[in-house]
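**Student:** Pasting in a structure now, in C-alpha cells, and then I'll have a few things to ask.
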Amino acid sequence: MLTQQILDGLSKFYPETILSVTILVIVFVELFFKKKTRVSGWIAMAGLAAAMLFTFLQVNIPAQTIFFQMVAVDPFSYFFKVLLILSGFLIVLFTFLSDEIRSSEFKTQEYYALLIALTLGGFLMASSVNLLMMYLALELSSLSSYVLAGYFKKSNRSSEAALKYVIYGGVSSGLMLFGISLIYGICGSLDMFAISAYLSANPVNLITLLIAIFLMLAGFGYKISAVPFHFWTPDVYEGSPMPVTALLSVSSKAAGFAMLIRFFLVAFQNAGHPTITTEGLHQYITLPGLHWPEVIAVIAVATMTLGNVVAIWQDNLKRLLAYSSIAQAGYMLLAFVVVSPQGISAMLTYLAVYLFMNLGAFFAAILISNKYKTENIEEMKGIGYRSPLLCVSMAVFMLSLSGIPMTAGFIGKFYIFSALINNGYIWLAIIGLMNSVVSLYYYIKILKNMFLIRPQGDTGAVSFGAGYSVLLLALAIPTIVLGIFFGPLTKFAEYSVQIFGLK
Amino acid sequence: MLPNWLARPALAGLGLSPGYSFILYLALIFNHNLNFLQFTFENILILFFSLLAVFGALMMVTRKNPITSALYLILNFFCVSAIYLLLRAQFIAIIQVLVYAGAIMVLFLFVIMLLNLHDESKLSEKITYKKLSAILISLLLFSVLAITVYFSYMNKYREIHSSAETIGTIEVIGNELYTTFSFPFELVSFVLLAAIVGAIVLAKKKFD
Chain A
-15 MLTQQILDGL SKFYPETILS VTILVIVFVE LFFKKKTRVS GWIAMAGLAA AMLFTFLQVN
45 IPAQTIFFQM VAVDPFSYFF KVLLILSGFL IVLFTFLSDE IRSSEFKTQE YYALLIALTL
105 GGFLMASSVN LLMMYLALEL SSLSSYVLAG YFKKSNRSSE AALKYVIYGG VSSGLMLFGI
165 SLIYGICGSL DMFAISAYLS ANPVNLITLL IAIFLMLAGF GYKISAVPFH FWTPDVYEGS
225 PMPVTALLSV SSKAAGFAML IRFFLVAFQN AGHPTITTEG LHQYITLPGL HWPEVIAVIA
285 VATMTLGNVV AIWQDNLKRL LAYSSIAQAG YMLLAFVVVS PQGISAMLTY LAVYLFMNLG
345 AFFAAILISN KYKTENIEEM KGIGYRSPLL CVSMAVFMLS LSGIPMTAGF IGKFYIFSAL
405 INNGYIWLAI IGLMNSVVSL YYYIKILKNM FLIRPQGDTG AVSFGAGYSV LLLALAIPTI
465 VLGIFFGPLT KFAEYSVQIF GLK
Chain B
2 MLPNWLARPA LAGLGLSPGY SFILYLALIF NHNLNFLQFT FENILILFFS LLAVFGALMM
62 VTRKNPITSA LYLILNFFCV SAIYLLLRAQ FIAIIQVLVY AGAIMVLFLF VIMLLNLHDE
122 SKLSEKITYK KLSAILISLL LFSVLAITVY FSYMNKYREI HSSAETIGTI EVIGNELYTT
182 FSFPFELVSF VLLAAIVGAI VLAKKKFD
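Going down the list, the protein sequences come from chains A and B.
Per the working numbering, residue -15 is the first one in the first sequence, and the count goes up by one each step.
Per the working numbering, residue 2 is the first one in the second sequence, and the count goes up by one each step.
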C-alpha cells in the first residue's frame, strides 16, 4: 500500500525528479573542471529541457494528488511548471550573455544549481496542497534566491541586497509559519482539503482565523512583493546581478501567486455547498463571513498605486523596473478579488504575458548595461539612434508593460479589467485603469530619453552579436504576437484554471 | 534607570526562563499528577529537576560573566528537557536538547565570543525602554502561563485526552514521518542542500 502509493506518486513526478537530479549533477560535475567553464550552464539547460519534455507529457493527466495528499498534479500546476521552466531557461541564457557575470572571477556551478533549486521550489510551491509542503517549498526557493542575490560578492551592493533579502525573508517566513501554526491549531490539520472541510462544518473564531490569514499573507506578500511586504524589492532588485533580478521578478513571483491562489481558493472554499452559477458566471464559493477578497482588494490597490507612484521618481533603470514589477503584482492581485474562474484565468494570462515582457525589459537592461555601462535613465539619451534594434525592443516591452493596444500587455490588462467589470467591481477597474495611465508616464520617459533626444558625444552605432539579437527578438516577437493572436494563450489559461479539489 | 536586579533579566533577553520553569513546576504539582501529596519516585524526580531548573535560571540572570550565564542556561535547558521526558514527551525532550542546548546555545556563545564581552557593564548602559519592554514581555508570558495553570487547577482541562499518552513518543512521530510525511521529509534534504551550498558560496572568500 505504502510502496504502491509512493511508486504511483513518483511516476507522476518526473519533472521534479529530473530537476532534483540536475541539481546534484551540477554540484558534482564541475568539481572535475579546473577552469571556469560553462559546463554547468549547459547541464542546467539540458535538465530544464528534459523537465520541460516530461512536463509536456503530463498535459492531459487527470487532476489528482500524490504522496499522501501532499502534492497535486493538475492543469493549474501544469501551467506554472511550463511558466517556471520557460523563465528558468531564459535566465540561463541571460546569464550566458551577461557581461556582469562573465567578467566576474567566480565559478558559476553553484549559481546554476541554485537556479534549478529555485525552479524546483517554484514547482512545489505551485503544486503543494499541504501547508507543511507549502512552507518547505517556499523555504527551498527563498534560500536559493537569497544566495543568488548575493552570489557575486565583488560589489558591496550585491551583498547588501542579499542581507536585506535574508532579513525580510526570514521575518516574513517566520510570520507565515506562525500563521500556519494558528490554522493548524484551529483546524487540527495541515491538509488544505481538511481545513476547508473543518471550516465549513464547524463555527470557528473568525478573529483568530483572520489573524492567521494576515500572518500567512506576510509570506505570500513577500514572495509576490505586495504592499506592505514590498520594502525589500527595490534594494534587492538594484543590488543583485541582473539575471537574478529578472529571475526574482518572474519565477519567484509566479510561484508565489500560484501558492496564494491555491491556498485561498482551496482552503477557504465552502465545501458543504454546491457550486452556484449565476447569469453564466461561475464563481467559487467561499466561506461566509470571512472577507478575504476584500483584504486582497485593499492590498492590490495599495500595491499598484504605490508601485506606480514611486516609480515616477526613479532614474535607475533597475529600481524603476523593481517598482514597476510591484505595480504589476498589484494588477494581478486585482483579478484575484473576483474569486471566479474568469478572474483566475485572467491572472494566468497576465502572468504568461508578464513573463515575456518583464524578462524582455530586464534583458534589454542587461544589454544596455553591457554596452553603455550605465543603469541611469538620464544617461541613456539618444541611444535609440546608436542601437536601434535594442531600443525598439525596449519600446515594445515598455509599451506592453503599460498596456498599450497591439501588445501582449494590453490583452493581459483587458482580461483582468473585463473580469472585474463582469463581476461588478467597476471601481476597482477604474482604479486599475487610472494606475495604468500613471504608469505610462515613467515607461514613456525611458523611451523619450532613448529616441527623442539626439545623442551627444559619441554617436557611433553600437551593435551586438547575433545571439543577443536572436534572444532579444525571441522575447519581443511573442510580446507583439500575443497581443494580436492571443486565442491559444487565453484558451490555455482557461483550461489551467482547473485546480484540484475545486468544482 | 531601572534597579539592577530588575534590569539584569532583561539584559540577557532571557528573563523568561525563571518564570517559565517556576510555572512548569507549578503546573506539574497542580495538574499532571493530580495529587500533590503523592510522593512517588517520579514526582520527586520532577520536583528535583524543577528546582534545579529554577536554580539554573536564577544563576543565569545573576552572574556577571556572560559565559557563566550561558553555562547556567544550558543547565536550565537540560533540566527542562528532563521534565519533558518525565512527562512522557520524549520527542520534545530530545528536540529541546538538540535545538536549544545545541543550536541556539552555540549561537549565543558565538555572539558572546564575537562581541568580546568580558562583563556586562557595557550592556547595562543601554536604553531603558528596551529593558522595560523585555520585562513586559516576560510578564505577558508569565500571565499566559499562569492563566493556563489556573484553569487546569479549576478542573477545566483535567481530563487528559486518550491520545496524549502516545502522541509524544518517538514511535508515533517516526511512523508519521516515514509514511504520510515521507515526501516533505525528503524535501527537507533539498532545502538543507540548498542552504549548505549557499552557505559555502557566501562564506568562501574566492573561487579558484
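Beta carbons are placed, not taken as given, at the ideal position from N, Cα and C, and that holds for glycine.
Being a predicted model, the structure only gives us computed values, none of them experimental.
In whole angstroms, give me the CA-to-CA distance for D(-8)(A) and I50(A).
**Tutor:** In this structure, the CA atom of D(-8)(A) is about 8 angstroms from the CA atom of I50(A).
**Student:** Quick test of the definition: if touching needs 3 or more C-beta pairs under 8 angstroms, does the segment 285 to 299 of chain A touch the segment 308 to 319 of chain A?
**Tutor:** When Cβ pairs closer than 8 angstroms are counted between the two stretches, the segment 285 to 299 of chain A is seen to touch the segment 308 to 319 of chain A, the count reaching three or more.
**Student:** Compare the beta carbon distance of L99(A) and L124(A) with 9 angstroms and say whether it is the shorter of the two.
**Tutor:** Judged by their CB atoms, L99(A) and L124(A) are not nearer to each other than the 9 angstroms cut-off.
**Student:** Is the segment 466 to 486 of chain A close to the segment 41 to 58 of chain A, with three or more CB pairs under 8 angstroms?
**Tutor:** yes
**Student:** Under the assumption that I75(A) contacts L231(A) (Cβ atoms under 8 angstroms), give the Cβ distance between them as a whole number of angstroms.
**Tutor:** 5 angstroms
**Student:** List the residues of chain B whose Cβ lies closer than 8 angstroms to the Cβ of E123(A), in chain order.
**Tutor:** V192
**Student:** Starting from S112(A), follow its DSSP beta bridges and name the residues at the other end.
**Tutor:** Note: S112(A) sits in a beta bridge opposite V55(A).
**Student:** In the structure shown, what three-state DSSP assignment does Q440(A) receive?
**Tutor:** coil
**Student:** Where does the unbroken alpha helix (DSSP H) through T287(A) begin, and where does it stop?
**Tutor:** W276 to A295
**Student:** DSSP on Q312(A), reduced to helix/strand/coil?
**Tutor:** helix
**Student:** How close, in whole Å, do the beta carbons of G416(A) and L318(A) come, if the pair is a contact with beta carbons under 8 angstroms?
**Tutor:** Between L318(A) and G416(A) the Cβ distance is about 5 angstroms, and since that is below 8 angstroms, they are a contact.
**Student:** Near V131(A), what residues of its chain come up, given a Cβ to Cβ distance below 6 angstroms and the 5 sequence neighbours on each side ignored?
**Tutor:** L98
**Student:** Whose C-beta lies closer than 8 angstroms to the C-beta of F394(A) among residues of the same chain, with five residues either side of it excluded?
**Tutor:** S384, G387, I388 and G467
**Student:** So which residues of chain B does I127(A) contact, with C-beta pairs closer than 8 angstroms?
**Tutor:** Checking the sequence shown, residue 127(A) turns out to be Leu, not Ile. Going along chain B in sequence order, the residues near L127(A) (Cβ under 8 angstroms) are V192, A195, A196 and G199.
**Student:** The alpha helix (DSSP H) spanning T217(A) covers which residue range?
**Tutor:** Run containing T217(A): W216 to G223, per the alpha helix (DSSP H) assignment.
**Student:** Can you find the residues in the same chain that come closer than 6 angstroms, C-beta to C-beta, to Y369(A), ignoring five residues on each side of it along the sequence?
**Tutor:** Result list for Y369(A): P439, in chain order.
**Student:** Smallest Cα separation from M106(B): which of I197(B), V55(B) and I68(B)?
**Tutor:** I68(B)
**Student:** Count the other CB atoms, across all protein chains shown, that sit within 10 Å of the CB of R86(A); report buried if there are 16 or more and exposed otherwise.
**Tutor:** exposed
**Student:** Between the alpha carbons of V337(A) and M331(A), how many angstroms are there, rounded?
**Tutor:** 10 angstroms
**Student:** From the beta carbon of S134(B), is the nearest beta carbon of chain A less than 9 angstroms away?
**Tutor:** no
**Student:** Tell me whether L473(A) sits in a helix, a strand or coil according to DSSP, three-state version.
**Tutor:** helix
**Student:** Spell out whether any CB of chain B is found under 9 angstroms from the CB atom of K137(A).
**Tutor:** Interface residue, yes.
**Student:** Using 10 angstroms around the beta-carbon of D175(A), count the other beta-carbons present and answer buried if the total reaches 16, otherwise exposed.
**Tutor:** buried
**Student:** By the three-class DSSP mapping on this structure, what secondary structure does T270(A) have?
**Tutor:** strand
**Student:** Mind pulling the beta strand (DSSP E) runs of 3 or more residues that sit fully within the segment -2 to 81 of chain A?
**Tutor:** Runs of the beta strand (DSSP E) inside the segment -2 to 81 of chain A: 48 to 50 and 55 to 57.
**Student:** DSSP beta-bridge partners for D175(A)?
**Tutor:** N114(A)
**Student:** V100(B) CB to nearest chain A CB: under 9 angstroms?
**Tutor:** no
**Student:** Could you tell me which whole alpha helix (DSSP H) segments of length 4 or greater appear in the segment 72 to 145 of chain B?
**Tutor:** 91 to 96 and 106 to 116
**Student:** Can you round the beta-carbon distance between I437(A) and I361(A) to whole angstroms, since I take them to be within the 8 angstroms contact cut?
**Tutor:** Actually they do not touch by this definition, with Cβ atoms about 11 angstroms apart.
**Student:** Relative to the C-alpha of C375(A), which residue among F52(A), F448(A) and G471(A) is closest?
**Tutor:** The shortest C-alpha separation from C375(A) is found at F448(A).
**Student:** What are the boundary residues of the alpha helix (DSSP H) that R64(B) is part of?
**Tutor:** Per DSSP, R64(B) lies in no alpha helix (DSSP H) and is assigned neither H nor E.
**Student:** For S180(A) versus G366(A), is the C-beta distance shorter than 9 angstroms?
**Tutor:** no
**Student:** From which residue to which residue does the alpha helix (DSSP H) around K237(A) run?
**Tutor:** Start and end: K237 to R246.
**Student:** Secondary structure at Q(-12)(A), three-state DSSP: helix, strand or coil?
**Tutor:** helix
**Student:** Since M341(A) contacts T463(A) with CB under 8 angstroms, what's their CB separation in whole angstroms?
**Tutor:** 5 angstroms
**Student:** In chain A, what lies closer than 8 angstroms to V189(B) by C-beta?
**Tutor:** Taking a Cβ-Cβ threshold of 8 angstroms, the residues of chain A close to V189(B) are L120, in chain order.
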